[in-house]
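Peer 1: One structure, as structure tokens, below. Some questions next.
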Amino acid sequence: GAVVSQHPSRVICKSGTSVKIECRSLDFQATTMFWYRQFPKKSLMLMATSNEGSKATYEQGVEKDKFLINHASLTLSTLTVTSAHPEDSSFYICSATPGQGRNQPQHFGDGTRLSIL
Amino acid sequence: AQSVTQPDIHITVSEGASLELRCNYSYGATPYLFWYVQSPGQGLQLLLKYFSGDTLVQGIKGFEAEFKRSQSSFNLRKPSVHWSDAAEYFCAVAITGTASKLTFGTGTRLQVTL
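Taken in order, these protein sequences are the chains called W and Y.
Under this note's numbering, the first sequence has 912 at position 61, and the numbering climbs by one with no breaks.
Under this note's numbering, the second sequence has 78 at position 60, and the numbering climbs by one with no breaks.
Here it is, written out as structure tokens:
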């Protein structure tokens, strides 16, 4: 149980285009999902916390207008990288948890490798 | 703010040898503690977690970790490493509960020689 699906797994696109990444909890409801970014051979850096039905909470230094997050349902959160440029190339990973109070850890998707040409 | 330190960037062990990966955290109280493993180009898989109770926790794939409050440590161990254990290992903490954001260490890359 507790499977998180992330799609697509890899994206290659031209500079200036927008890219949408989906994160789905397949067998549980997730009121909270998280989006991380991982640079090569580096750790994961939290970008934002996505809450169902409300605005996402962004970490300091993360551009809200660049990285749009939508959490429209209890099983889906999306991250849209708008007007992507080569410096946005990275590995993006989402996570979700069934929720606080149940001692359920976060479960991660398999990540999306974004390459901007 | 909380922080996590993994002192070893890269560790190489022979197959069959024992393994210990170090993790230290900085936080005023006892956080929620996790170890995750990441294979190249993949997401993270939870190995084990500590919330409270018995300070020695067992995880998947034969891994265990021991929480030592006095040392603010949560080291990961395995008695006998297999070649398939080669991966990146991340220690992480959460403060207010399992639904709160994770703070990750910088990771330890494990290489296993045959």
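By construction, the Cβ of each residue, glycine as well, lies at the ideal position given by its N, Cα and C atoms.
Fair warning: this is a prediction, and the values are worked out from it, not measured in the lab.
Please report the Cβ distance between residue 29 (chain Y) and residue 126 (chain Y), rounded to the nearest whole angstrom; I am assuming they are in contact, meaning their Cβ atoms lie under 8 Å.
Peer 2: For this step, residue 29 (chain Y) is matched to residue 11 along the second sequence. For this step, residue 126 (chain Y) is matched to residue 108 along the second sequence. That pair is a contact at about 6 Å.
Peer 1: For a cutoff of 9 Å on Cβ pairs, would you count residue 125 (chain Y) as touching chain W?
Peer 2: Walking along the second sequence from the start, residue 125 (chain Y) turns up at place 107. Output row for residue 125 (chain Y): interface = yes.
Peer 1: Measure the Cβ-Cβ separation of residue 130 (chain Y) and residue 121 (chain Y) and say whether it is below 9 Å.
Peer 2: The residue given as residue 130 (chain Y) occupies position 112 in the second sequence. The residue given as residue 121 (chain Y) occupies position 103 in the second sequence. Their beta carbons are not under 9 Å apart, which means residue 130 (chain Y) does not touch residue 121 (chain Y) by this criterion.
Peer 1: Among the residues of its own chain, which have a CB less than 7 Å from the CB of residue 913 (chain W), if the five just before and after it don't count?
Peer 2: Here the question's residue 913 (chain W) lines up with position 62 in the first sequence. Correct list, in chain order: 898 and 899.
Peer 1: For a contact meaning CB atoms closer than 9 Å, what does residue 85 (chain Y) contact in chain W?
Peer 2: Sequence index remark: in the second sequence, residue 85 (chain Y) carries index 67 (1-based). Within 9 Å Cβ-Cβ: nothing; residue 85 (chain Y) doesn't reach chain W, min ~15 Å.
Peer 1: Would you verify that the beta carbon of residue 63 (chain Y) is, or is not, closer than 9 Å to some beta carbon of chain W?
Peer 2: Here residue 63 (chain Y) is taken as the residue at index 45 of the second sequence, counted from 1. Taking Cβ atoms only, chain W reaches closer than 9 Å to residue 63 (chain Y), which makes this a yes.
Peer 1: Is there a Cβ of chain W sitting closer than 9 Å to that of residue 112 (chain Y), yes or no?
Peer 2: Here residue 112 (chain Y) is taken as the residue at index 94 of the second sequence, counted from 1. With 9 Å as the cut-off, residue 112 (chain Y) counts as an interface residue toward chain W.
Peer 1: Using the Cα positions of residue 83 (chain Y) and residue 75 (chain Y), report the straight-line distance between them to the nearest angstrom.
Peer 2: Position 65 of the second sequence holds residue 83 (chain Y). Position 57 of the second sequence holds residue 75 (chain Y). Distance between the alpha carbons of residue 83 (chain Y) and residue 75 (chain Y) is about 5 Å.
Peer 1: If we count the other Cβ atoms within 10 Å of its Cβ and call it buried at 16 or more, is residue 106 (chain Y) buried or exposed?
Peer 2: By one-based count along the second sequence, residue 106 (chain Y) stands at place 88. Result: buried.
Peer 1: What residues of chain W sit near residue 119 (chain Y), judged by a beta carbon separation below 7 Å?
Peer 2: Counting from 1 along the second sequence, the entry for residue 119 (chain Y) is found at position 101. Correct list: 885, 897 and 900.
Peer 1: Return the chain-ordered ranges of every beta strand (DSSP E) run that is complete within the segment 84-120 of chain Y and spans a minimum of 3 residues.
Peer 2: 91-96 and 105-112
Peer 1: Using only the alpha-carbon positions, how far apart do residue 91 (chain Y) and residue 42 (chain Y) sit?
Peer 2: As a working mapping, residue 91 (chain Y) is identified with position 73 in the second sequence. As a working mapping, residue 42 (chain Y) is identified with position 24 in the second sequence. Computed Cα separation, rounded: 4 Å.
Peer 1: What does the alpha-carbon distance come out to for the pair residue 23 (chain Y) and residue 968 (chain W)?
Peer 2: Residue mapping note: residue 23 (chain Y) aligns to position 5 of the second sequence, counting from 1. Residue mapping note: residue 968 (chain W) aligns to position 117 of the first sequence, counting from 1. Those two C-alpha atoms are separated by around 34 Å.
Peer 1: For the segment 940-968 of chain W, list every residue whose C-beta sits within 9 Å of some C-beta in chain Y, in sequence order.
Peer 2: 942, 944, 945, 946, 948, 949, 950, 951, 952, 953, 954, 955, 956, 957, 958, 959, 960, 961, 962 and 964
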